[in-house]
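In the working numbering, the protein residues as written are 384 to 817.
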């Protein structure tokens, strides 16, 4: 039996496509109702409050499992629901003995989110540096962008793509005078004019020293902060806010640092943070800050870790918020059963990646995946026997390796084995029976 190469190639392409389609269709068909849970620290009772939302309802509870009405939930989180409580004239005059007002809650509200998909991708080569001291009341976009070089930055005019050599030299000289060691490990800014003021860019130089670069009336201003970070820099973020507590954040492989306005560096108390797949969040209110981290690669088994801290970022209370045990068990069971359909799955998206990718992931349960491959091979043998066709060894190998996707491929484009016609005797005469 000869091998039909074209049919085999088509079958393998179909196997690859089915290795994406079948697991994805199974996941969509068996996914439970979407659920979102978040925890918020309540200084009123020194507990974390939990809000759980589904497409049909919302539930309110605390970390001990006690349930609340929406009204009571709001009263225990006055800084989160300050607008509702102010309208209903229920905003408290004091919280834990500290006088507070709705306006103070409004001004203190700041949220900074750091997601791995923002740095687990190729970064754009061009950056925008705004004028920090504009002549008008609002910030505006500049006529040029800059590109990071090995020994400086180069400004490029947007109108015609030409290099602004004079401006580039001025900024390079200012950065060298401030003590910047090239090449940079990382830089980041917030290049949008829709903000109250501009803090320019934070830079981490080749020695780990932190600098701040701004443009004031068209001239460079590079300031050495006297701070330094160790390790590989994954991301640098600037987040201007009227409360002016921190300029931004620096993310390394295993830590997140806030660059404070007082020229200090504060490491967030994030347990288990891994920049390859962990997100980080900082929320503020007049009395406390809440920092959180979660590994987005496994939201089923790993919890979101919350830490309530003082304004000096000293931990006050910790809480881990995970999926309920029955839901985890159900999702794990569905994942194991899905292993019978395919021994692996082709993924195009991952929550920790910021781009389309091609990733092959193994099945959740290898024994169940093996049984599925054997069952698919037996179905192939039964089908070929019913069709009175021989099974080529390559067909069995493909089905045994791919499972149901392999069976679909060889069933649609097989058989891949072709029996050659009988050869004619010498002289081209067919034998005859006398």
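All residues carry an ideal CB built from backbone N, CA and C; glycine is no exception. Note that the coordinates shown come from a computational prediction; the quantities given were computed from them, not determined experimentally.
Who does residue i pair with in a DSSP beta bridge?
i, result
"residue 494", "666"
"residue 719", "According to DSSP, which records beta bridges pairwise, residue 719 is partnered with nothing at all."
"residue 633", "619, 640"
"residue 748", "Paired residue(s): none; residue 748 is not in a bridge."
"residue 775", "Answer is none; residue 775 lacks a bridge partner."
"residue 419", "436"
"residue 727", "745"
"residue 845", "Nothing about residue 845 can be read from this structure; the chain reaches only from 384 to 817."
"residue 407", "Residue 407 pairs with nothing; no bridge assigned."
"residue 602", "599"
"residue 687", "704"
"residue 546", "539"
"residue 672", "667, 692"
"residue 336", "In the structure displayed, the chain extends from 384 to 817; residue 336 sits before or after that span and is not available."
"residue 570", "586"
Within 10 angstroms of the Cβ of residue i, are there 16 or more other Cβ atoms? Answer buried if so, exposed if not.
i, result
"residue 609", "exposed"
"residue 505", "exposed"
"residue 575", "exposed"
"residue 519", "exposed"
"residue 396", "exposed"
"residue 595", "buried"
"residue 348", "No answer is possible for residue 348: it lies beyond the span of the chain, which begins at 384 and ends at 817."
"residue 438", "exposed"
"residue 780", "exposed"
"residue 461", "buried"
"residue 473", "exposed"
"residue 782", "buried"
"residue 722", "buried"
"residue 496", "exposed"
"residue 689", "buried"
"residue 661", "buried"
"residue 663", "buried"
"residue 419", "exposed"
"residue 748", "buried"
Going by C-alpha distance, which of the options is nearest residue i?
i, options, result
"residue 597", "606, 591, 712", "606"
"residue 691", "684, 700, 683, 685", "700"
"residue 742", "672, 538, 403, 776", "403"
"residue 488", "431, 667, 654", "667"
"residue 567", "533, 537, 777", "533"
"residue 570", "522, 580, 634", "634"
"residue 509", "501, 536, 646", "536"
"residue 636", "703, 653, 648", "653"
"residue 795", "457, 392, 696", "392"
"residue 791", "731, 733, 724, 749", "724"
"residue 579", "561, 623, 592, 649", "623"
"residue 416", "426, 548, 440", "440"
"residue 697", "706, 662, 776, 674", "674"
"residue 735", "385, 679, 657", "679"
"residue 760", "525, 777, 748", "777"
"residue 409", "528, 685, 714, 677", "714"
"residue 744", "583, 591, 733, 751", "733"
Can you tell me whether DSSP reads residue i as helix, strand or coil?
i, result
"residue 551", "helix"
"residue 556", "helix"
"residue 767", "helix"
"residue 565", "coil"
"residue 658", "coil"
"residue 692", "strand"
"residue 442", "strand"
"residue 584", "strand"
"residue 454", "helix"
"residue 474", "coil"
"residue 540", "strand"
"residue 681", "coil"
"residue 757", "helix"
"residue 817", "Its pLDDT being 44, under 50, residue 817 is placed unreliably in this model, and the coordinates cannot settle the point."
"residue 396", "helix"
"residue 425", "strand"
"residue 462", "coil"
"residue 831", "Nothing about residue 831 can be reported from this structure: the residues present for the chain run from 384 to 817 only."
"residue 714", "helix"
"residue 334", "Within the shown structure, residues of the chain are numbered from 384 to 817, placing residue 334 beyond reach of any answer."
"residue 528", "strand"
"residue 489", "helix"
"residue 430", "strand"
"residue 345", "Outside the modelled stretch of the chain, which goes from 384 to 817, sits residue 345, for which no answer is possible."
"residue 386", "strand"
"residue 499", "helix"
"residue 709", "helix"
"residue 799", "coil"
"residue 469", "helix"
Cβ of residue i within 8 Å of any heavy atom in the ligand ATP?
i, result
"residue 454", "Ligands displayed in this structure: none; no statement on the ligand ATP is therefore possible."
Chain D beta carbons: is any one of them nearer than 9 Å to that of residue i?
i, result
"residue 550", "The chain inventory of the structure shown lacks chain D, comprising one protein chain alone."
Query raised in the report: Given 8 Å as the limit, is there contact between the region 470-481 and the region 539-546, that is, 3 or more CB pairs closer than that?
Result: Short answer: they don't touch.
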